[in-house]
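To start, the structure itself, in structure tokens.
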Amino acid sequence: MTRTVYVNGEYLPETEAKVSIFDRGFLMADAVYEVTSVLGGKLIDFEGHAVRLARSLNELDMPQPLSKDELLDIHRELVLLNDITDGMIYLQISRGAPNDRDFVFPDPETTKPTVVLFTQNKPGLAQSPVAKKGLKVISIEDVRWGRRDIKTVQLLYPSMGKMMAKKAGCDDAWMVEDGFVTEGTSNNAYIIKGNKIITRALSNDILHGITRAAVLRFAREAQMDVEERNFTIAEAQDADEAFITSASTFVMPVVEIDGAAVGTGAVGPMATRLREIYLDESMKTAI
Ligand code: PMP
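Just so you know, we're using the numbering used here here: the sequence shown kicks off at 6 and counts up by one.
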């Protein structure tokens, strides 16, 4: 089926949607993005994603081209036009397309941002069999830039990290800086010891995951302890359980790190419970 996508105010078949070769997203990764999940035809955590998008744009001195309500309307329209029950909506805003390549930012009065949204259809997204099996991860050095809190489309290194994991027969990579885990290539990283969930504190070193915020809130409400601090790969290998969070994987257990089994090596009860709680609670507030 040909998707209907959104480009700069128009809904078009994907084959007819076009962006200039001078677009700064294409030439310089001068663009930010968001991925929002759709479950049962409704948007999960839309508010959080809209707030983070505004922050990313602000940090890069990019104008906010659409209001939150306008963005919500476009998301909903794409869900309807593409008949999405379960899946994702990808949104990207670049600084636009000036008439040439230049390091200097174009004048925002004359060069308007490029806004693109498209859907990804993933029937049964929340019933992923991987959640029962768990992920195997490797550790790699974190060599990304220092503003990982801004959700830019500079995804080459995370993409290389996934390839390194694949070559090693694993599913993903956790990145390590100065001996401590920062995050996964496209997710936040956690370990569990006893009743305690341990995850790196928010800073410019990691993306401020929307799923992270919700999961930590639900965990505290469920009387689990949460400790936001650094941890090493050795501590993670010695933990009872481990997991990741992201908008598209929700809570996903991790059962092996650099070849060492975490806990029993099978998916544990705490990660399973957190996944259930997250899915139940976020479905209640889906819009
Ligand atoms: N960290 C990184 C590096 C990511 O790319 C993502 C997903 N985009 C996350 C964390 C998780 O963020 P969220 O829960 O908002 O999807």
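We put the beta carbon where it would ideally sit given N, CA and C, even for glycine.
Looking at residue i: is its Cβ nearer than 7 Å to the Cβ of residue j?
i      : j      : result
Ile155 : Glu64  : yes
Arg8   : Asn104 : no
Ser99  : Gly14  : no
Val267 : Ala244 : yes
Ala276 : Ile262 : no
Pro113 : Pro70  : no
Asp28  : Thr116 : no
Gly139 : Val272 : yes
Gly158 : Ala34  : The question names Gly, but residue 158 is Val in the sequence shown. Yes.
Val186 : Ala194 : yes
Arg153 : Ile211 : yes
Answer with buried or exposed for residue i, where buried requires no fewer than 16 other C-beta atoms within 10 angstroms of its C-beta.
i      : result
Pro258 : buried
Ala171 : In the sequence on display, residue 171 carries Lys and not Ala. The residue in question, Lys171, is exposed, as its Cβ has fewer than 16 Cβ neighbours within 10 Å.
Phe248 : buried
Pro163 : buried
Asn192 : buried
Tyr108 : At residue 108 the sequence reads Phe, which differs from the Tyr that was named. Under this definition Phe108 is an exposed residue.
Ile26  : exposed
Might you give, ordered along the chain, the residues of its own chain that have their beta carbon closer than 6 Å to the beta carbon of residue i, omitting 5 neighbours on each side?
i      : result
Tyr95  : Val40 and Phe123
Lys167 : Thr190
Gln97  : Ala36, Tyr38 and Val121
Under the DSSP definition of a beta bridge, which residues are partnered with residue i?
i      : result
Ala224 : Ala224 is not bridged to any residue.
Gln97  : Tyr38 and Val121
Asp230 : Lys201
Tyr16  : Tyr11
Val259 : Leu140 and Ala247
Asn209 : According to DSSP, which records beta bridges pairwise, Asn209 is partnered with nothing at all.
What does a CB cutoff of less than 7 Å around residue i pick up in its chain, not counting 5 residues either side in sequence?
i      : result
Gly151 : Asn209
Ala55  : Lys73 and Leu76
Leu48  : Thr41, His80, Ala291 and Ile292
Under 8 Å Cβ to Cβ from residue i, same chain only, skipping five residues before and after it: list those, please.
i     : result
Arg57 : Glu39, Lys156, His213 and Ile215
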